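Notes to accompany the following structure.
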Amino acid sequence: MSDLELEGRLAHVTGAASGIGWAIAQRLAAGGARVAISDMDEAGAKARAAELGEGHFGVGCDVRSMDQVTAAIAATTDALGGLDLFVNNAGVEIGKPMVETEEEEFMTLVDINVTGVFRCSKAAVPALAAAAASGRDAAIVNIASVAGVGGCPLLSAYCASKAAVIRFSEVCAIELRDAGIRVNAVCPAFIDTPMVQRLAPAVAAMTGMEFGDVVAVKQGRYGTLEEVAEVVAFLGSDEAAWTTGSHYVLDGGISGGLL
Amino acid sequence: MAGKLEGKIAVLTGAAQGIGLAVATRYAAEGATVVLSDIDGDAVQAAAEGIGGSASAITADVTSEEQVAALIAEVVAQHGGLDIAVANAGVATVQPAVGMSLADWRKVTSVNLDGVFLTLTHAAGAMAASGGGALVTIASVTAQAGSPLISSYAAAKAGAVNLTRTIAIEMREHGVRANAICPGFIDTELVKPHKKTFADALGLEAMGIPDFDAFIAMKQGRYGTEAEVAALATFLASDRAGFCTAGEYNLDGGLRASLL
Ligand SMILES: NC(=O)c1ccc[n+]([C@@H]2O[C@H](COP(=O)([O-])OP(=O)(O)OC[C@H]3O[C@@H](n4cnc5c(N)ncnc54)[C@H](O)[C@@H]3O)[C@@H](O)[C@H]2O)c1
Ligand SMILES: NC(=O)c1ccc[n+]([C@@H]2O[C@H](COP(=O)([O-])OP(=O)(O)OC[C@H]3O[C@@H](n4cnc5c(N)ncnc54)[C@H](O)[C@@H]3O)[C@@H](O)[C@H]2O)c1
Chain A
112 MSDLELEGRL
122 AHVTGAASGI
132 GWAIAQRLAA
142 GGARVAISDM
152 DEAGAKARAA
162 ELGEGHFGVG
172 CDVRSMDQVT
182 AAIAATTDAL
192 GGLDLFVNNA
202 GVEIGKPMVE
212 TEEEEFMTLV
222 DINVTGVFRC
232 SKAAVPALAA
242 AAASGRDAAI
252 VNIASVAGVG
262 GCPLLSAYCA
272 SKAAVIRFSE
282 VCAIELRDAG
292 IRVNAVCPAF
302 IDTPMVQRLA
312 PAVAAMTGME
322 FGDVVAVKQG
332 RYGTLEEVAE
342 VVAFLGSDEA
352 AWTTGSHYVL
362 DGGISGGLL
Chain B
372 MAGKLEGKIA
382 VLTGAAQGIG
392 LAVATRYAAE
402 GATVVLSDID
412 GDAVQAAAEG
422 IGGSASAITA
432 DVTSEEQVAA
442 LIAEVVAQHG
452 GLDIAVANAG
462 VATVQPAVGM
472 SLADWRKVTS
482 VNLDGVFLTL
492 THAAGAMAAS
502 GGGALVTIAS
512 VTAQAGSPLI
522 SSYAAAKAGA
532 VNLTRTIAIE
542 MREHGVRANA
552 ICPGFIDTEL
562 VKPHKKTFAD
572 ALGLEAMGIP
582 DFDAFIAMKQ
592 GRYGTEAEVA
602 ALATFLASDR
612 AGFCTAGEYN
622 LDGGLRASLL
C-alpha cells in the first residue's frame, strides 16, 4: 500500500503559517500533494511554502476579505494548475466570560471562523467542481472543534462559531453532492498550539486546576498537530470518497464521555 | 511500502461475507494477521482461505458468552496478544415495532447489542493485558435517528454506539481506544432482501420514485461500498488515529446530514 495517498492532489490550506494549519500543509505535502499555503501573515505563508520546497506556493490572504479570498484562490489555481482539496483552517479564539465579551470582538471572531469559511468555500467551489467534473475526488475539509460539539465555559463565541461550521459543512455537503464535492468537518480537542497557550491561564483560573491536569483528566493527554493532520489527510483522500456531511472528532474522549 | 497495520493481530466477528470480509481483506493487505470469525463455520473458513497468507478462521456465535470468550482466548493463545477487534456481526429484521413480540425483538438485539457487548468486553480485557489496542464497532446511521421498520436494529445500534463510547472512557488509561463507524446503506445481503418492503412502506411509488435504489441515490448519492467501510475501519484501527476514541464516525454520502 502506498503512503502517498494524496499523490497529485492540489490543495489549499488557510491560516497555515502556524500551528495546526502548518502541520496539515506538511502532512498533505508528505502525502504527495502540492500545497498552497495562505495566511493573513503573508511573509509567514511564503516562508512556509518555501520550506516545503519546489512545487508549493505561498500567498497572503485575510479570510475577512472576499477580494483577498478570491484573489488567493485564483493565484492558487494559476500556481498549481487547479484545486481539488480546500482546507478551511484559519481561526481565532476569545477566552473570557460571555458577559465580558465585547460585541465587536464577538463579531470579529464570527467574521473569521464562520464567515471566513463561507467566503473561502464559495470562492473555491468553481475550481473544485471543475476538478470533480474531470473525474477527480474533490473535497473541502473544515477545521471545526469539539467546542462545536459541546459547551466549554469562557468560549461562548468560539463554541458558537465552531457549531456553526459543523452545521454549515452539512448543508454544503448536501448542496454540493451532485457537483462531486465532499464537505466534512474535523473536531479536535485541545492541541498544544499558540492558541491553546493563550487560553490556558483563563481556563486554569476558572477551573481552579492546573491546565495540564484539566487536559489529562478530560482527554487523557494533548492531541498532537500530526494527529489532526492525519484525520485531514484521510478525509481529503479518495479513501473517504463516500464520506460527506460528517464531522470527525479526535479528542481523546472529551466529547464522548459524560463526566 | 509498509502497510498501515504491519505486525498487528486483528479479530473480526461476522467476517464470512459482506463488510466484515472486506475489512478483514483490507487489514490483511495492510500487514495485519487476521482472525475471521462467524457463526457460519464453513463460509468463514472459505473466506480466510480466500484471503490466504496468515489469515485464519474460528467459528463463533457472538450471542454466546462462552464462544466469544473462547474466540478471544484462542486468538491470544495463537498469536501472543490482540491489537484490534472489530465488532461487525449483525442481523436485521424488517417489521413495525408495534405488535412485535419480545422474542422477535431479541433476535436482533441479542446479536447487534449483546454480541457487541461480549466482543468488546472480552477483547478489551485481552488488549489491556497486552498494552492496549483498538476496538472498532460497525454500528449504523440508524443509531442516530428514528428508523421505521427496523426498530430493534436501530435501537441495538444506538446501544452499541453508546457502549463503545463508555468502554472507550473506562479503558482510556489502559491504552485501549474504541470507536464506532456509522455507515449509511451498503448494498449487501443485509439490505438486498428488504428493498421492496422498504419501498412499499415508504410509499416511494406515490412520490414518483421508481424503487429503493433510486431513493438511495437521492438520499446518499449512491450505495457505499464495503471497501469504503474497510478504509475507515483501517484508519481508526491504525496508529494514525491515536487521539480518536469514544467517537462516532459517519460514512453515509450525506444521508444523516440532511433533514430532507
Ligand atoms: N489548538 C487547538 O487546540 C484547536 C482545537 C480545535 C480546533 N482548533 C482550530 O484549528 C485552527 C487552527 O488553530 P491553531 O491552534 O493552529 O491556531 P494558531 O493561532 O496557532 O494559528 C492560526 C493561524 O491562522 C491565522 N489567521 C488568523 N486569523 C486569520 C485571518 N483572518 N485570515 C487568515 N489567517 C488568519 C494566523 O495568522 C495563524 O497563522 C483554528 O480554526 C482553530 O479554531 C484548534
Ligand atoms: N449493509 C448495510 O447497509 C449496513 C449499514 C450499516 C451497518 N451495517 C452493519 O455492518 C455489519 C455487517 O453487515 P453486512 O452488511 O456485511 O451483512 P451480511 O449479512 O452480509 O454479513 C453479516 C455477517 O454476520 C454473520 N452473523 C450473523 N449473526 C451472527 C452471530 N450471531 N454470530 C456471528 N456472526 C454472525 C453472518 O453469518 C454474516 O456473515 C452489521 O453489523 C450491519 O448491521 C450494514
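Line by line, the protein sequences are chains A and B. Letter by letter, the first sequence follows residues 112 to 370 of the numbering used here. Letter by letter, the second sequence follows residues 372 to 631 of the numbering used here. For glycine and all other residues, C-beta sits at the position ideal for the given N, C-alpha and C. None of these values were measured; they are calculated from a predicted model.
In whole angstroms, what is the alpha-carbon distance linking residue i and residue j?
i               : j               : result
V360 of chain A : E341 of chain A : 12 Å
A373 of chain B : F614 of chain B : 22 Å
D454 of chain B : G385 of chain B : 18 Å
V627 of chain B : H450 of chain B : Looking at the sequence provided, one finds Arg at residue 627 of chain B rather than Val. Each residue's Cα considered, the two are about 39 Å apart.
G596 of chain B : L310 of chain A : One point to set straight first is that residue 596 of chain B is Thr, not Gly, in the sequence displayed. Approximately 43 Å, taken between the alpha carbons.
V228 of chain A : V174 of chain A : 8 Å
I365 of chain A : D413 of chain B : 43 Å
G625 of chain B : M589 of chain B : 10 Å
V225 of chain A : V203 of chain A : 10 Å
T212 of chain A : G119 of chain A : 45 Å
V465 of chain B : I540 of chain B : 33 Å
V439 of chain B : V487 of chain B : 10 Å
A244 of chain A : I292 of chain A : 10 Å
P264 of chain A : A598 of chain B : 41 Å
L491 of chain B : A444 of chain B : 13 Å
A395 of chain B : A601 of chain B : 8 Å
A474 of chain B : I521 of chain B : 15 Å
P632 of chain B : D571 of chain B : Limits of chain B in this structure are 372 at one end and 631 at the other, which puts residue 632 of chain B out of reach.
In chain order, what residues of the same chain lie with their CB nearer than 8 Å to the CB of residue i, ignoring the 5 residues before and after it?
i               : result
I131 of chain A : N200, I254, P299, I302, T304, L336, V339 and A340
A315 of chain A : E321, F322 and V325
I380 of chain B : A403, T404, V406, V446, H450, G451, G452, L453, D454 and I455
S481 of chain B : T434
G391 of chain B : L383, T384, G385, L407, D409, V457, N459, A460 and I509
Could you give the residue range of the alpha helix (DSSP H) that holds residue i?
i               : result
E541 of chain B : S522 to M542
E216 of chain A : E214 to V221
V446 of chain B : E436 to H450
F614 of chain B : Unbroken run through F614 of chain B: none, as it is neither H nor E.
C231 of chain A : G227 to A244
P305 of chain A : P305 to T318
G391 of chain B : G389 to A400
R138 of chain A : G130 to A141
T480 of chain B : L473 to T480
S408 of chain B : First-last for S408 of chain B: T404 to D409, but that is the beta strand (DSSP E), not the alpha helix (DSSP H).
Return the first residue and the last residue of the beta strand (DSSP E) that residue i is part of.
i               : result
A551 of chain B : V547 to P554
I62 of chain A  : As displayed, chain A neither begins before 112 nor continues past 370, which places residue 62 of chain A out of reach and without an answer.
G504 of chain B : G504 to I509
C298 of chain A : I292 to P299
Y359 of chain A : H358 to L361
A468 of chain B : Careful: A468 of chain B lies outside any beta strand (DSSP E) and carries neither H nor E.
G171 of chain A : F168 to G171
Near residue i, what residues of its chain come up, given a Cβ to Cβ distance below 7 Å and the 5 sequence neighbours on each side ignored?
i               : result
L372 of chain A : Shown here, chain A extends from 112 to 370; a query on residue 372 of chain A therefore has no answer.
V146 of chain A : A122, V124, A136, L139, A140, L163 and H167
E286 of chain A : none
M306 of chain A : G130 and E204
L220 of chain A : V203, I205, A268, Y269 and S272
Counting only the same chain and skipping the five closest in sequence on each side, list residues whose C-beta sits under 6 Å from that of residue i.
i               : result
F197 of chain A : H123, A235 and I251
A428 of chain B : L407, V415, Q416 and A419
P312 of chain A : none
T318 of chain A : V325
Whose CA, out of the options, lies closest to the CA of residue i?
i               : options                           : result
V343 of chain A : A:K157, A:G331, A:S357 and A:V282 : A:S357
D485 of chain B : B:Y524, B:G402 and B:A604         : B:Y524
A442 of chain B : B:V465, B:L489 and B:M471         : Just to set this straight, residue 442 of chain B is Leu in the shown sequence, not Ala. Of the candidates B:V465, B:L489 and B:M471, the one whose C-alpha sits nearest the C-alpha of L442 of chain B is B:L489.
T537 of chain B : B:W476, B:G424 and B:A617         : B:A617
E560 of chain B : B:A387, B:G378, B:L376 and B:D475 : B:A387
D623 of chain B : B:G504, B:F583 and B:C553         : B:C553
L266 of chain A : A:D248, A:K207 and A:K233         : A:K207
A258 of chain A : A:A274, A:T181, A:G171 and A:R247 : A:A274
G504 of chain B : B:D584, B:R477, B:K528 and B:R611 : B:R611
F279 of chain A : A:S232, A:L239, A:A238 and A:R247 : A:S232
R477 of chain B : B:A526, B:A431 and B:N621         : B:A526
E165 of chain A : A:Q330, A:L191, A:W353 and A:L346 : A:L191
Mind checking the segment 276-292 of chain A against chain B and listing, in chain order, the residues whose C-beta falls within less than 7 Å of any C-beta there?
E281, A284, I285 and R288
Determine which residues of the segment 538-549 of chain B have a Cβ less than 8 Å from any Cβ of chain A, and write them out in chain order.
A539, I540, R543 and E544
Proximal residues, the segment 382-402 of chain B versus chain A, C-beta separation under 7 Å
A400 and E401
Residues in the segment 204-219 of chain A with C-beta within 9 Å of chain B's C-beta atoms, listed in sequence order?
none
At a CB distance below 7 Å, what residues from the segment 164-196 of chain A approach chain B? Give them in sequence order.
none
Which residues, in chain order, does the segment 294-307 of chain A contribute to contact with chain B at a C-beta distance below 7 Å?
none
Taking beta-carbon pairs under 9 Å, can you tell me which members of the segment 495-513 of chain B lie near chain A?
none
Listed from N- to C-terminal order along the chain, which residues in the segment 223-240 of chain A have their beta-carbon within a distance smaller than 8 Å of any beta-carbon of chain B?
none
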